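See structure below.
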């Protein structure tokens, strides 16, 4: 169907005032490239007070109406194809600058001061809606074409770069401001084609009706837009025809942004388009109308026909298909209605020599491409490639560009997937090695070891959390890598038998493995039997071990607290000598190698990381008496180590008291007093955990009156330690962990 071009409010002086045109007489024929000519057969001539700004048809075959807008006029005149005035839409307080049909009986207009009105024609009556939303200095208005019935949205744009979307049946406006200058706008199939110039760069921006950006590309168009119309290239990709201030017609596609210029050496002052036959009707400054055909890729063909239609410069032109009428408005304010000849369209069809395409086959190919695009968006590149291969075999020439685009997207998606898979394997392999060595690691260490930004490491940890058996302590940005044996699940008869076999077999050294895949979580009642996982039995304290944390003197505590506070949050570690002075400071990953290679006597280690079993072993070999760290590893029992393990919070809250003066016979004081912090939490937890009733962690913490956030984190770790030691049993029900005191055999 034909489409009226959207004319902007501020036309260039060269186009508006570029002469009055050369008067022509006699209505004779003009020579054309084909050697034939069609005359213009006027039906009626109507004279108005000023130049004709715009002529627009509602495209209704049963009741066609032609809207005429005149410069400086506040009314919109509606004519029948025979020139009879049907209605006049009145209501604007200022001159109307732009008008467009939304449907056969619904239209919208905007005045010079930004007043927006919607019009609904009901027989001989016109209903008007005035919108309260308005912006100063409007540039134009155009409807947003839609295949959905009842969609009455239209768009306006303004000199400050803002764009507003209205609905003729609803109040209010959705607006958005773009950087730079909005040169022009047109609509095509639920898409708003916007031409924006910012810092001498012109971009074509495709927007949805909600002003969400679909696509943006740089186009080669340095001029100023006088008029603009949209069209679909191959049924899916939008394109547009522009009329610039130099009187040239320019076509631009959204696939590559390339501009095709039609410049015949004459100044084009107005235009309209017939999409069915892909024909442009150009109104020239000389008063002549030329019909020009264009191909599906928006490249132009030579002039099909030409005829004299007006004595002065043509300022507005519109085509009415049924009955075939051309309406022409001039600079002198005269509107002429003339019969259009079928020969014009026939010549246009012949000149294009368009091959016959099976429309059903084309529709099937388009459906395959849409499915392929959806598959790419979901990451299913195999399915997308199958669909694209089938689409290419159909050999639809004007869809070849879109097929290439989908193939490029498939390649890009595959590259992204391969990169993500490689990163995933690299991260998991690294963490499995860490789980063998120490069982915990800071996020910053992961990023440094794998040369990954910390933000990306956190994103991967959250993405893999659902399938990996680890605990991420976000407060400390620490990842605790639990053994697979820590998982609790329902057991089948086969699993129970396998578990008994495992208990009977002699235990050898087991390789620590980072567990993958969480187990099935059952219903809350009744609790199912817990899998009897083979765990090493708690060994009795060796006679040469101190069963409680070693006590420190007041001077030692002051020194430990000073060093700990100075490095807190820096992810560093320090080694202290017997004189309590810092011998060496290094990043956390370098602590273990430093302890293994140090020759001097070590008295204490202060680390901003986790006190792990491996660190304790290395520190014991180096002769250390104290390890001070952020937190204890859940698998570490500090009461069975030679070295005293103290957490930062115990120093800060005074939970570790200075020991009395030492004598030569007791290097670390009495073993009767235990560190109050961790033991106090454990005592409070065991005092409220029932041996008959299952309780969740929140219920236990509430009963123990543990409300401090840090103590809550410590208590959650302690609960896992008690489960690992066999003191407690646990069950996961609906993603909630329940605890019960284990019966002693």
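Numbering (the numbering used here), first residue to last: 127 to 871. From the three backbone atoms N, C-alpha and C, an ideal C-beta is built for every residue, glycine too. Everything numeric in this text was worked out from a predicted model, so none of it was measured.
Quick one: grab the DSSP three-state call for residue i.
| i | result |
| --- | --- |
| residue 157 | Here the model assigns residue 157 a pLDDT of 38, short of 50, so the residue's position is not dependable and the matter cannot be decided. |
| residue 824 | helix |
| residue 504 | helix |
| residue 295 | coil |
| residue 180 | strand |
| residue 670 | Caution is warranted here: a pLDDT of 40 is assigned to residue 670, below 50, making its placement in the model unreliable, and no coordinate value can be reported. |
| residue 345 | coil |
| residue 445 | strand |
| residue 173 | strand |
| residue 856 | strand |
| residue 380 | coil |
| residue 324 | strand |
| residue 489 | helix |
| residue 70 | Nothing about residue 70 can be reported from this structure: the residues present for the chain run from 127 to 871 only. |
| residue 768 | coil |
| residue 730 | strand |
| residue 420 | strand |
| residue 350 | coil |
| residue 400 | strand |
| residue 748 | coil |
| residue 725 | coil |
| residue 372 | coil |
| residue 816 | coil |
| residue 267 | strand |
| residue 809 | helix |
| residue 740 | helix |
Using 8 Å for Cβ pairs, my map puts residue i next to residue j. What's the rounded Cβ distance?
| i | j | result |
| --- | --- | --- |
| residue 770 | residue 751 | 6 Å |
| residue 237 | residue 459 | Going by Cβ atoms, the distance from residue 237 to residue 459 rounds to 20 Å, so no, they are not a contact pair. |
| residue 811 | residue 828 | Their Cβ separation, rounded to whole angstroms, is 12 Å, which puts residue 811 and residue 828 out of contact at 8 Å. |
| residue 247 | residue 209 | Between residue 209 and residue 247 the Cβ distance is about 18 Å, and since that is not below 8 Å, they are no contact. |
| residue 495 | residue 517 | 5 Å |
| residue 402 | residue 417 | No, residue 402 and residue 417 are not in contact; Cβ-Cβ is about 13 Å, not under 8 Å. |
| residue 362 | residue 528 | 6 Å |
| residue 256 | residue 217 | 7 Å |
| residue 302 | residue 337 | 4 Å |
| residue 196 | residue 175 | 7 Å |
| residue 744 | residue 718 | 5 Å |
| residue 370 | residue 351 | 6 Å |
Suppose contacts are defined by Cβ-Cβ distances below 7 Å. Is residue i in contact with residue j by that definition?
| i | j | result |
| --- | --- | --- |
| residue 312 | residue 354 | yes |
| residue 727 | residue 749 | yes |
| residue 327 | residue 342 | no |
| residue 491 | residue 520 | yes |
| residue 863 | residue 823 | yes |
| residue 184 | residue 191 | yes |
| residue 443 | residue 395 | no |
| residue 539 | residue 502 | yes |
| residue 407 | residue 445 | yes |
| residue 356 | residue 314 | yes |
| residue 324 | residue 348 | no |
| residue 603 | residue 581 | no |
| residue 319 | residue 271 | no |
| residue 235 | residue 222 | yes |
| residue 845 | residue 868 | no |
| residue 193 | residue 232 | no |
| residue 309 | residue 377 | no |
| residue 214 | residue 201 | yes |
| residue 285 | residue 258 | no |
| residue 826 | residue 815 | yes |
| residue 457 | residue 438 | yes |
| residue 850 | residue 807 | no |
Please tell me whether, using a cut-off of 6 Å, the distance from the CB of residue i to the nearest non-hydrogen atom of the ligand GDP is below it.
| i | result |
| --- | --- |
| residue 170 | Among the components of this structure there are no ligands whatsoever, and the ligand GDP is therefore not found. |
Using beta carbons (cut-off 7 Å, strictly below), is residue i in contact with chain C?
| i | result |
| --- | --- |
| residue 510 | Chain labels in this structure do not include chain C; a single protein chain is all it has. |
Practice task
Take every Cβ of the stretch 682-702, pair it with every Cβ of the stretch 739-758, and state whether three or more of those distances are shorter than 8 Å.
Solution key: yes
Exercise for the section: Scan the stretch 202-246 and note each continuous beta strand (DSSP E) run of 3 residues or more that stays entirely inside, going in chain order. Expected result: 202-205, 211-215, 222-227, 232-237
Practice task
Could you tell me whether the stretch 374-394 touches the stretch 550-564, using the rule of 3 or more Cβ pairs below 8 Å?
Solution key: no
Practice task
Specify whether the stretch 263-282 and the stretch 222-232 touch according to this definition: at least 3 beta carbon pairs, one from each stretch, less than 8 Å apart.
Solution key: yes
Practice task
Kindly confirm or deny that the stretch 700-710 and the stretch 727-737 touch, where touching means at least three C-beta pairs closer than 8 Å.
Solution key: yes
Handout entry: Residue ranges of each beta strand (DSSP E) within the stretch 514-587, 3 or longer
Key = 566-568
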